[in-house]
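Undergrad: Here the sequence shown is numbered in the working numbering, starting from 3 and rising by one per residue. Backbone N, C-alpha and C fix where the C-beta goes; we use that ideal spot for every residue, glycine too.
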Amino acid sequence: MVRLIHSAFEQGGLLTLEELSLMVNRSVMTISKRIQEYQEEHQIILPIKGNQLDIGPGITHKKIIIELYEQQVAPPDIAKRTHHSLEAVDRYIKDYEKVKFLVRRKIDQGDISHLTGRGKKVIDQYLDILKRHHPSLFEDKCPEQPTKE
């Protein structure tokens with residue numbers, strides 16, 4: 003599947019999950035699952051139509067881009083590895099840094115979504131990454147007051 007995807011992309015085309023499904027005689031669900039597993043395992047984004055055009059709920063490219071950013075990979079290298087423009091990579095990083103800034107100020111998820119103009123699912127992805135890489139941002143900084151009995 004990966005060879006088919008890359009071959010189509012090199013020729014200027016983008017395959018859909020449905021097209022891949024027909025080519026390899028597997029269900030769309032199986033194709034989707036295998037592509038997602040491959041992308042997660044290799045920390046890359048395959049150039050299929052859904053990924054390139056931000057179509058569908060299963061998009062993982064934001065997560066992969068930010069994970070690479072957290073691993074100190076340079077934005078131009080992230081763009082190359084994920085088949086995204088440098089502008090798109092910079093936009094995701096900028097949004098992530100906004101979310102990090104708002105989390106530092108203890109702003110809740112709903113308000114972060116409103117302030118950034120990003121959907122709650124996107125904010126949830128960013129929060130999950132922040133919790134893994136910066137757990138101290140989510141610790142309660144106020145010491146507990148002793149109770150009188």
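1. Considering only residues of the same chain and omitting the five flanking positions on each side of G83, which have a CB-CB separation below 8 Å?
2. Excluding the 5 residues preceding and the 5 following I114 in the sequence, name in chain order all residues of the same chain whose CB lies nearer than 7 Å to its CB.
3. Could you give the DSSP three-state label for H136: helix, strand or coil?
4. Rounded to whole angstroms, what's the CA-CA distance from E151 to L139? Just pull it up for me.
5. Excluding the five sequence neighbours on either side, which residues of its own chain have a C-beta within less than 6 Å of the C-beta of L65, listed in chain order?
6. Would you please state the rounded distance, in angstroms, between the beta carbons of K51 and L17? I believe it to be under 8 Å.
7. Alpha carbons only, please: which of I109, T118, R107, S23 is nearest the one belonging to Y94?
TA: This is what the structure holds:
1. Residue mapping note: residue 83 aligns to position 81 of the sequence shown, counting from 1. For the sequence presented, residue 83 should be read as Arg rather than Gly. Here R83 has Q45, I46, I47, L70, V75 as same chain residues with Cβ atoms under 8 Å from its own Cβ, once five neighbours each way along the sequence are excluded.
2. Taking the sequence shown and counting its residues from 1, the one referred to as residue 114 is at position 112. Once the five neighbours on either side are set aside, the close Cβ partners of I114 are V101, L104, I125.
3. One-based indexing of the sequence shown puts residue 136 at position 134. In the three-state reduction of the DSSP assignment, H136 falls in the coil class.
4. To locate residue 151, count along the sequence shown from 1; it is residue 149. To locate residue 139, count along the sequence shown from 1; it is residue 137. Note that E151 scores a pLDDT of 45, beneath 50, so its modelled location is shaky and nothing firm can be said.
5. Reading the sequence shown from its first residue, position 63 is the one you call residue 65. Before going on, a small fix: residue 65 reads as Lys here, not Leu. Excluding positions up to five away in sequence, the list reads Q127.
6. Position 49 of the sequence shown, counted from the start, is the residue given in the question as residue 51. Position 15 of the sequence shown, counted from the start, is the residue given in the question as residue 17. With a Cβ gap of about 6 Å, K51 and L17 count as contacting.
7. Here residue 94 corresponds to residue number 92 of the sequence shown, with the count starting at 1. Comparing Cα-Cα distances from Y94 to each of I109, T118, R107, S23, the minimum goes to T118.
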